[in-house]
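Numbering (UniProt numbering), first residue to last: 1 to 322.
The C-beta atom is built at its ideal place from N, Cα and C for all residues, glycine as well.
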């Protein structure tokens with residue numbers, strides 16, 4: 001419910017046609033400003049107005065009487081109604097695995113530990129000591145991960161990692177240790193643009209967990225062919241992401257014996273994102289959306305001279321301007 005001291009102003013209204021499997025819909029998109037008159041929002045600095053947007057899908061026959069100003073004012077805050085789009089603006093999709101002492105670790109890498117060094121009863125503060133590899137959990141590989149003297153994680157421009165458009169390639173039908181080849185990429189090529197991130201959804205994130213629990217299944221993931229990596233570099237892709245331990249094939253010992261994809265992507269000065277999760281949610285949005293685009297952020301720790309870093313990877317949906 002709105003506070004009595006808050007005032008709603010409809011500041012922008014757009015209409016367009018949406019083609020869906022169920023038929024043609026008229027879509028009314030309206031943005032409102034919720035302006036506090038006497039009380040500022042408790043989590044918003046400055047107490048100014050903030051925008052909210054909503055999207056009303058109308059099946060034919062179209063009843064344009066609903067566009068009356070007073071109707072829109074009420075509808076703008078009915079976010080629980082079935083008329084709301086599942087692609088609500090600014091809904092965040094988390095692409096990051098939680099980290100604990102039992103997560104899968106690349107063979108030979110340091111394990112993760114979180115130990116409490118201070119506690120509130122004794123010192124008045126809770127402080128933890130962290131120990132982990134630069135390639136733990138959901139993380140990115142900088143070019144210096146493979147090539148001495150190349151770009152380190154702190155030197156990667158943030159514009160190459162934050163708020164970049166993304167495309168999900170669905171290869172979830174691939175069995176263990178299968179190759180992802182150019183034939184798998186071909187249906188998506190026309191949508192790939194320079195400056196984009198391309199994520200391969202194998203579905204292998206479902207095996208994330210202690211290796212003894214899943215019998216090492218997480219390491220038996222499908223892998224990206226070198227030719228696919230080369231093609232993505234040619235198309236200007238700046239991030240290649242996977243929901244697996246590595247985009248390269250894993251050997252029986254559990255390591256990437258021939259890291260061809262790493263060499264191609266990192267050798268071109270691009271970035272690799274590994275151990276992503278929840279790509280199915282992105283794919284669902286991608287498949288359902290007509291005038292939408294997926295944006296992602298993969299901001300690393302700014303550790304000087306480091307070859308990689310854990311990230312809090314997340315995505316959101318933006319409406320394309322019609």
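Exercise for the section: Evaluate residue 195 with the Cβ neighbour count: other Cβ atoms within 10 Å of its Cβ, from every protein chain shown; 16 or more gives buried, anything less gives exposed. Expected result: Counting every other CB atom within 10 Å of its CB across the protein chains shown gives residue 195 a total below 16, marking it as exposed.
Problem - Cβ distance (whole Å) where residue 143 is taken to contact residue 150 below 8 Å - result: 4 Å
Practice task
Check the DSSP bridge columns for residue 308 and list the partner residues they point to.
Solution key: 141
Practice task
Report all residues from its chain with a CB closer than 7 Å to the CB of residue 264; omit the five preceding and five following residues, and keep chain order.
Solution key: Same-chain partners within the cutoff: 226, 229, 230, 233.
Problem - Under the three-state DSSP convention, the category residue 302 falls into - result: coil
Handout entry: Residue burial classification, residue 127 (beta-carbon count within 10 angstroms, cutoff 16)
Key = exposed
Exercise for the section: Tell me, please, whether the segment 268–282 touches the segment 108–125 by the rule of three or more beta-carbon pairs shorter than 8 Å. Expected result: Short answer: they don't touch.
Handout entry: Inter-residue spacing [alpha-carbon to alpha-carbon] between residue 138 and residue 190
Key = Between residue 138 and residue 190, the C-alpha separation is close to 28 Å.
Exercise for the section: For residue 64, I'd like the list of residues in its chain whose CB is within less than 7 Å of its CB, leaving aside the five on either flank, ordered along the chain. Expected result: Below a pLDDT of 50, predicted positions are generally treated as unreliable, and residue 64, at 47, falls in that range; the measurement from the model is reported next regardless. Correct list: empty, nothing qualifies.
Handout entry: Closer than 8 Å: residue 112 CB and nearest the ligand SAH heavy atom
Key = The ligand SAH is absent from the structure shown, which contains no ligands of any kind.
Handout entry: Nearest residue (CA-CA) to residue 283, options 243, 311, 122
Key = 243
Practice task
May I have a chain-ordered list of the alpha helix (DSSP H) segments no shorter than 4 residues that lie completely inside the segment 174–215?
Solution key: 182–185, 211–214
Practice task
List in chain order: all unbroken beta strand (DSSP E) runs of 3+ residues lying wholly within the segment 256–290.
Solution key: 271–274
Handout entry: When 238, 124, 201, 183 are compared against residue 163, the one with the closest alpha-carbon
Key = With distances taken between Cα atoms, residue 163 lies closest to 238.
Practice task
Could you name the residues of the same chain whose beta carbon sits closer than 8 Å to that of residue 210, not counting the 5 residues immediately before and after it, in chain order?
Solution key: 102, 103, 104
Practice task
Decide if residue 224 is buried, meaning its Cβ has at least 16 other Cβ atoms within 10 Å, or exposed.
Solution key: Buried is the call here.
Problem - Beta-carbon proximity check, residue 192 vs residue 161, cutoff 9 Å - result: no
Practice task
Would you mind sorting residue 125 into buried or exposed? The rule is 16 or more other CB atoms within 10 Å of its CB.
Solution key: With a 10 Å radius around the Cβ and a threshold of 16 neighbouring Cβ atoms, residue 125 comes out exposed.
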